[in-house]
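Residue numbering for the sequence shown is 1 to 258, as defined by the UniProt record's numbering.
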Amino acid sequence: MLKTNSFVGVLVHLALMGVIVAGLIFGFFYLYLPSATNHGETISVPKITGMQLPDAEPFLEEQNLRYFVNDSSYHPEYKPFEILTQDPSPGSKVKENRKIYISINMKNPPMIKMPKLIDGSVKNAELILKSYSLRRGKITNVPDLQHGAVLKQFVDGKEVQPGDLVPKGAVVDLHVGDGLGNTEFEVPDVVGMPLDEASVLLVGQKLQLGNIIYVAGSGKPDGTVIRQRPIADVKAKIRTGELVDLWVAGEEPVQGID
Numbered sequence: 001m002l003k004t005n006s007f008v009g010v011l012v013h014l015a016l017m018g019v020i021v022a023g024l025i026f027g028f029f030y031l032y033l034p035s036a037t038n039h040g041e042t043i044s045v046p047k048i049t050g051m052q053l054p055d056a057e058p059f060l061e062e063q064n065l066r067y068f069v070n071d072s073s074y075h076p077e078y079k080p081f082e083i084l085t086q087d088p089s090p091g092s093k094v095k096e097n098r099k100i101y102i103s104i105n106m107k108n109p110p111m112i113k114m115p116k117l118i119d120g121s122v123k124n125a126e127l128i129l130k131s132y133s134l135r136r137g138k139i140t141n142v143p144d145l146q147h148g149a150v151l152k153q154f155v156d157g158k159e160v161q162p163g164d165l166v167p168k169g170a171v172v173d174l175h176v177g178d179g180l181g182n183t184e185f186e187v188p189d190v191v192g193m194p195l196d197e198a199s200v201l202l203v204g205q206k207l208q209l210g211n212i213i214y215v216a217g218s219g220k221p222d223g224t225v226i227r228q229r230p231i232a233d234v235k236a237k238i239r240t241g242e243l244v245d246l247w248v249a250g251e252e253p254v255q256g257i258d
């Protein structure tokens, strides 16, 4: 038997202690720790985008995964609490109990300030609405000399002013001018008048010159209005902004070339 106080005995005891310590370290890191932490085992992340949160929660628990909502936004085309994005992405390899970060669609839309659409064109209104995540609804043409201009804006049938709070994603209906006034009056009679005087009279009554047709050989002095449409009649009515076509005696003037 080796004496513990001999040099060889000390070396033997040190060697035995080293083997024991090495065995303990090996057992801890390569046997116990892997079994306790599932070391080296991974899970394939399932696709949960498109699912609703109440359905995704138990589904992830079955996969030994967790979730955390790190963002939310509102999109009317998606269902409330629908999962919009996830990180890690589907198919990624992760450890058990890994947290999946998700963003969801809000149940109720946030309120935003209504932009100013009045006096602008319909096309401009559509661009502004899109930038505010609002949608263009029904367009109603109403009598007004501002042709194509937005006159009023409505949400859920109620007129809204710029700055009023409306739900994000709301449908905005528009009243747009048809280019015609709402005042009716008798059609002015310009037959027999020189064209320039007839034009001044019509424009002064907020009417528009339509087609001008020249008629040669009418027997009237050149430049005289010999016919109009609509005709001037006691029962004939016209609205501001409407067109009046004129037939004029003489040859059509030749346009100069610049």
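Quick reminder that beta carbons are idealized off the backbone N, C-alpha and C, glycines included. Just so it is clear, the structure is predicted and the values come from calculations on it, not from any experiment.
A direct Cα-to-Cα measurement between V215 and K123 gives close to 41 Å.
Residue ranges of uninterrupted alpha helix (DSSP H) with 4 or more members, entirely inside the segment 96-183 and ordered along the chain, are 122-131.
Proximity of the segment 126-141 to the segment 91-102 falls short of the contact definition, fewer than three beta-carbon pairs being nearer than 8 Å. Three or more beta-carbon pairs drawn from the segment 188-197 and the segment 224-244 are found closer than 8 Å, and the two stretches are therefore classed as touching.
With 16 or more other Cβ atoms from the protein chains shown falling within 10 Å of its own Cβ, I238 counts as buried.
Rounded to whole angstroms, D119 and Q86 show a C-alpha spacing of 43 Å. It is roughly 18 Å from the alpha-carbon of E82 to the alpha-carbon of E61.
Counting only runs that start and end inside the UniProt domain "PASTA" (181-250), the alpha helix (DSSP H) elements of at least 4 residues fall at 195-204. The residue from L180, I48 and L16 with its alpha-carbon nearest to that of D144 is L180.
In the same chain as I48, and ignoring 5 residues on each side of it, the C-beta atoms closer than 6 Å to its own belong to A56, I83 and Q86, in chain order. For F81, no alpha helix (DSSP H) encloses it, and the DSSP letter there is neither H nor E. Between P46 and P90, the C-beta gap is smaller than 9 Å, which places the two residues in contact.
With distances taken between CA atoms, G204 lies nearest to E242 out of S218, L134 and E242.
Comparing alpha-carbon positions, the option among L201, K113 and G217 lying closest to P167 turns out to be K113. Its Cα nearest to that of I231, the residue L246 stands out among T240, P221, G217 and L246. Per the DSSP secondary-structure output, F68 pairs in a beta bridge with Y101.
Scanning its chain for C-beta atoms nearer than 8 Å, with the 5 sequence neighbours on each side dropped, one finds around L207 the residues P188, I238, T240, G241, E242, L243 and V244, in chain order. With contacts defined as CB atoms closer than 9 Å, I25 and V69 fail to qualify as a contacting pair. Note that the C-beta distance between G177 and N141 is below 9 Å. About 6 Å separates the beta carbons of A249 and D222, which is inside the 8 Å limit, making them a contact pair.
For the options T42, G137 and I104, the alpha carbon positioned closest to that of M51 is the one of I104.
With distances taken between CA atoms, K158 lies nearest to V171 out of Q146, I213, V171 and A149.
Here L11 is exposed, its C-beta having fewer than 16 other C-beta atoms within 10 Å. Its chain contains D173 as the residues whose beta carbon lies nearer than 6 Å to that of F154, once the 5 sequence neighbours on both sides are disregarded; these appear in chain order.
In the three-state reduction of the DSSP assignment, V45 falls in the coil class.
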